[in-house]
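Down below is the structure, laid out as structure tokens.
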Amino acid sequence: MYTQGLLDHSEETEETPEFLAAFQKRIDQEEKIEPHDPMPRAYRKTLIRQISQHAHSEIVGMLPEGNWITRAPTLKRKAVLLAKVQDEGGHGLYLYAAAETLGISRLEMTEQLLKGEAKYSSIFNYPTLTWADIGAIGWLVDGAAIMNQIPLCRCSYGPYARAMIKICKEESFHQRQGYEVMMTLAEGSKEQRDMAQDALNRWWWPSLMMFGPPDTESSNTDQSMKWKIKRFTNDQLRQKFLDAAIPQAKRINLTIPDKNLKWNKKLNNGRGGYSHGPIDWEEFWRVVKGGGPMARDRLRARKKAWDGGKWVRDAATAYARKVKR
Ligand code: 3HC
């Protein structure tokens, strides 16, 4: 039972068939569920799972890009990257606050992450080897995040949907600046074009994996669709991303690293779309289970930051107690 955090939900409603039917009727009628509303325990649990992991992803996602702030090629690129990384920290705070409305505390969520009990997006377990990686992350990773996050603005849970509106506005800037980095490199010298192509080769498949396992292996999608937490399935969002990103790559003369890529006129209800080659789901699950190349570094950095910030938390707590007296 989640009893810490902003609201105490220890008085849960008895989950009679009538209660569950009435709740689903509210969802079907597109009503927003708010923190004080009675809700099924499983609805609360899956939202805490998804929102806290989303928040962890935002904060851990600052690390690979932060690695290049001091090495950005110009002052302008440095300022843009600083702004983006700062935005991601704000996204994390927004999402932790949304999760806290469900009755879990920031402390609990952080402990789950540091103990390896909570996930963060697989994509952030890959290294950023060159400046072009910063372009590829903005273009592809934030591009994928936008595909996934725009529908979340219509999520049935009010605080999550509202957090997404501000976050999506900033994601668009993130994606545009990344694509502009890739465009600049692709129009540059041969070394720069090769750097951009190398980054695309390394970030393309992990970006497709960001959308989660195939629908057939997704343990949460069916229920999340019924509760209108998700508006599209993993495969539907992956398809939307493919159809948007491939023309963008062609526009800057970069080659998608998939020899099986082809236009399939049957996709998207006959409007056509791109079909892709096989995704290495063994790699996906290995990374999700903590086997990514940078997994150890990411958690070590999060633990160092958490331990280093203890004095701030202690001081704030001591001050809050003093003010309360
Ligand atoms: N990385 C890590 N774990 C993943 C994953 C990924 N890319 N995709 C799926 N998983 C996990 C799920 O968490 C689930 O495990 P759990 O039950 O223990 O939580 C399991 O694999 C099965 O996957 P499902 O498809 O059943 O899980 P979901 O229904 O939760 O769908 C999701 C996965 C699409 C990522 C969904 O959770 C979601 O939409 N989350 C919100 C968006 C989000 O978290 N995006 C992450 C990136 S944030 C980002 O990119 C920031 C940007 O600013 C750079």
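Under the numbering used here, the residues of the sequence shown are numbered 1412 to 1736, in order.
Beta carbons are placed, not taken as given, at the ideal position from N, Cα and C, and that holds for glycine.
It should be emphasised that the depicted structure is a prediction, and the values quoted were computed from it without experimental measurement.
Is it the case that the Cβ atoms of Lys-1639 and Thr-1632 are separated by a distance below 9 Å? no
Just checking Val-1592 against the ligand 3HC - is the residue's beta carbon closer than 8 Å to any of the ligand's heavy atoms? no
In the DSSP assignment, the alpha helix (DSSP H) including Tyr-1507 goes from what residue to what residue? 1486 to 1511
For my contact list, Leu-1506 and His-1465 are in at a C-beta cut-off of 8 Å; report their separation, rounded to the angstrom. 5 Å
Between the beta-carbon of Thr-1539 and the beta-carbon of Asn-1612, is there less than 9 Å? no
Please report the residue range of the alpha helix (DSSP H) in which Ser-1583 lies. 1569 to 1597
Quick one: what's got a C-beta closer than 7 Å to Gly-1720's C-beta in the same chain, skipping five residues either side? none
Simplified DSSP assignment, three categories, for Lys-1526: coil
Reference Met-1705; option with closest CA among Gly-1599, Ile-1459, Gln-1523, Tyr-1537: Tyr-1537
Rounded to whole angstroms, how far is the Cβ of Ile-1534 from the Cβ of Val-1592, which I believe are closer than 8 Å? Rounded, the Cβ-Cβ distance is 17 Å, inconsistent with contact.
Burial state of Asp-1553 (16 or more Cβ within 10 Å): buried
Taking just the CA atoms, how far does Val-1723 sit from Ser-1516? 17 Å
Taking the C-alpha atoms as reference points, what is the distance between Asp-1725 and Lys-1651? 46 Å
CB of Asp-1448 to nearest heavy atom of the ligand 3HC: below 8 Å? no
Can you look up Trp-1717 in the DSSP assignment and give me helix, strand or coil? helix
Arg-1697 vs Leu-1525 beta-carbon contact at 9 Å: no
Kindly indicate the opening and closing residues of the alpha helix (DSSP H) around Tyr-1531. Where Tyr-1531 is concerned, there is no enclosing alpha helix (DSSP H), given that its DSSP letter is neither H nor E.
Count the other C-beta atoms from every protein chain shown that fall within 10 angstroms of the C-beta of Leu-1486, then say buried if there are 16 or more, exposed otherwise. exposed
In terms of residues, what are the limits of the alpha helix (DSSP H) holding Lys-1673? Run containing Lys-1673: none in the alpha helix (DSSP H); it sits in the beta strand (DSSP E), 1673 to 1675.
Run the proximity test for Ile-1548: is its beta-carbon closer than 8 Å to any non-hydrogen atom belonging to the ligand 3HC? yes
Counting along the chain, where does the alpha helix (DSSP H) carrying Gly-1554 start and finish? 1553 to 1563
When the Cα of Ile-1657 is compared with those of Tyr-1568, Leu-1431, Tyr-1590, Ser-1583, which residue comes out closest? Tyr-1590
With a threshold of 8 Å, are at least 3 pairs of Cβ atoms found where one atom belongs to the region 1686 to 1696 and the other to the region 1619 to 1627? yes
Could you check where the beta strand (DSSP E) with Ser-1686 kicks off and where it finishes? 1684 to 1686
Among Glu-1528, Tyr-1531, Lys-1456, Ile-1470, which has the Cα closest to the Cα of Gly-1514? Lys-1456
Looking at Thr-1632 and the ligand 3HC, is the gap between the Cβ and the nearest heavy atom below 8 Å? yes
Would you say Leu-1672 and Ala-1607 are within 9 Å of each other, going by their C-beta atoms? no
My output table needs one value for Ile-1444: the three-state DSSP class, helix, strand or coil. strand
Identity of the residue in Gln-1435, Arg-1736, Leu-1474, Asn-1559 nearest Asp-1498 by Cα: Leu-1474
Just to check, is the beta-carbon of Met-1606 closer than 8 Å to a non-hydrogen atom of the ligand 3HC? no
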